[in-house]
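When we follow the numbering used here, the leftmost residue of the sequence shown carries the number 3, and every step to the right adds one.
Note that the Cβ used here is the ideal one computed from N, Cα and C, for glycine as well.
Because the structure is a prediction, the values reported are computed rather than measured.
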Amino acid sequence: MSLKDLLKGKLPQEKLTLLPGGFEVIGEIGIINIPSALDDEKYLIAQALASHRKDIRTVLRKVDKLKGEKRIGEFELLLGNTTGTLHRENGCIFQVDIAKTYFSGKLAFERNRISESAKDGENILVLFCGVGPFLIPIKKRRNVNITGLDNNPDACALFRKNAELNNIGADIILGDANLMADLFKKPFDRIVMPAPYSQDHFLMLACPILKSGGTIHFYTFKKDFEIPHFKRLLEEKGWHIDFYRDCGGVAPRVKRYVFDMQRR
Ligand SMILES: C[S@@+](CC[C@H](N)C(=O)[O-])C[C@H]1O[C@@H](n2cnc3c(N)ncnc32)[C@H](O)[C@@H]1O
């Protein structure tokens, strides 16, 4: 049921049309974008959401876009008293704190896809690993060595907790991906790069730490019309593209794309 359906009869028609089309749920937290024209109705909206979805105990209003390297948004607490929650995804459990680390359930399909393509025996690196949602499902399914790198201490601390919660072992490194060539001396069979917005330069930095014949899963943000040119550029730079797909919109006309590639 949409927010509009939930609030029919409780808000006048002109206010109903201002409600957002959807909301995101992470664990017991519901996240909504409420426009400033609905400031006076924000608690009513939060209550309506929580009474419809019994699993929601906290409602956060997104008040700013994701910002800075950590990709953390700013939120107003409308209901409940915590920004931390337990979230289940791909058969794993994750402690997340929306106010301290990036987390979005929108990549759940991708994380499952990558964990299915990994093979036993591989050494796998996930750059920009956050609280571990790419790495933990891989390690649960495959007999692999995994390493995660993130420069947010809160993300690394939560990743350590999540490794324990899911009974897996992982090397979790707090560090800057700009220094990856110095940090890792042995090359990896597979590198996953859910890179932050507009940070394509990290791809070339990963070349020296990818084994010959190894696979990279590179995430980037592009408009549809930019893709043919971007593909040509990758091929000119020596990448063989096995597969690519659109993983959904992130801003007006801008989508997240993933490229699975090997070095020629
Ligand atoms: C888009 S989030 C992805 C997080 C995680 N992979 C996920 O799917 O939930 C990007 C992550 O990159 C980290 N990050 C940003 N710049 C970094 C850098 N220069 N070195 C290491 N980590 C970085 C942020 O702290 C954040 O956790």
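Do residue i and residue j have their C-beta atoms within less than 8 Å of each other?
i: residue 86; j: residue 98; result: yes
i: residue 138; j: residue 170; result: yes
i: residue 53; j: residue 23; result: no
i: residue 218; j: residue 263; result: yes
i: residue 8; j: residue 51; result: yes
i: residue 192; j: residue 112; result: no
i: residue 248; j: residue 257; result: yes
i: residue 17; j: residue 40; result: yes
i: residue 36; j: residue 105; result: no
i: residue 200; j: residue 227; result: no
i: residue 56; j: residue 77; result: no
i: residue 148; j: residue 116; result: no
i: residue 236; j: residue 261; result: yes
i: residue 33; j: residue 43; result: no
Taking residue i as the reference, give the member of the options with the closest Cα.
i: residue 167; options: 145, 153, 135 and 184; result: 135
i: residue 175; options: 144, 130 and 226; result: 130
i: residue 62; options: 79, 51, 50 and 56; result: 79
i: residue 58; options: 64, 48, 197 and 235; result: 48
i: residue 141; options: 235, 11 and 94; result: 94
i: residue 157; options: 132, 109 and 150; result: 132
i: residue 265; options: 251, 252, 257 and 238; result: 238
i: residue 150; options: 159, 128, 84 and 165; result: 128
i: residue 252; options: 43, 101, 221 and 194; result: 221
i: residue 120; options: 91, 146, 84 and 6; result: 146
i: residue 110; options: 122, 188, 96 and 102; result: 96
i: residue 30; options: 240, 107 and 38; result: 107
i: residue 173; options: 183, 161, 184 and 182; result: 161
i: residue 186; options: 207, 197 and 198; result: 207
i: residue 60; options: 101, 42 and 20; result: 101
i: residue 240; options: 177, 215, 260 and 159; result: 215
i: residue 225; options: 205, 38 and 259; result: 259
i: residue 177; options: 196, 154, 246 and 118; result: 154
i: residue 143; options: 152, 159, 114 and 163; result: 114
i: residue 183; options: 164, 213, 159 and 165; result: 213
i: residue 189; options: 202, 209 and 195; result: 209
For residue i, count neighbouring Cβ atoms within 10 angstroms of its own Cβ and tell me buried if that reaches 16, exposed if not.
i: residue 180; result: exposed
i: residue 255; result: exposed
i: residue 13; result: buried
i: residue 234; result: exposed
i: residue 90; result: exposed
i: residue 84; result: exposed
i: residue 103; result: buried
i: residue 197; result: buried
i: residue 152; result: buried
Can you check DSSP and say which residues form a bridge with residue i?
i: residue 91; result: 94
i: residue 221; result: 260
i: residue 206; result: DSSP, once it has assigned bridges, lists no residue as partnering residue 206.
i: residue 86; result: 99
i: residue 194; result: 128 and 219
i: residue 60; result: 31
i: residue 79; result: 62
i: residue 246; result: 261
i: residue 149; result: 127 and 173
i: residue 212; result: 190
i: residue 13; result: 10
i: residue 166; result: According to DSSP, which records beta bridges pairwise, residue 166 is partnered with nothing at all.
i: residue 253; result: 256
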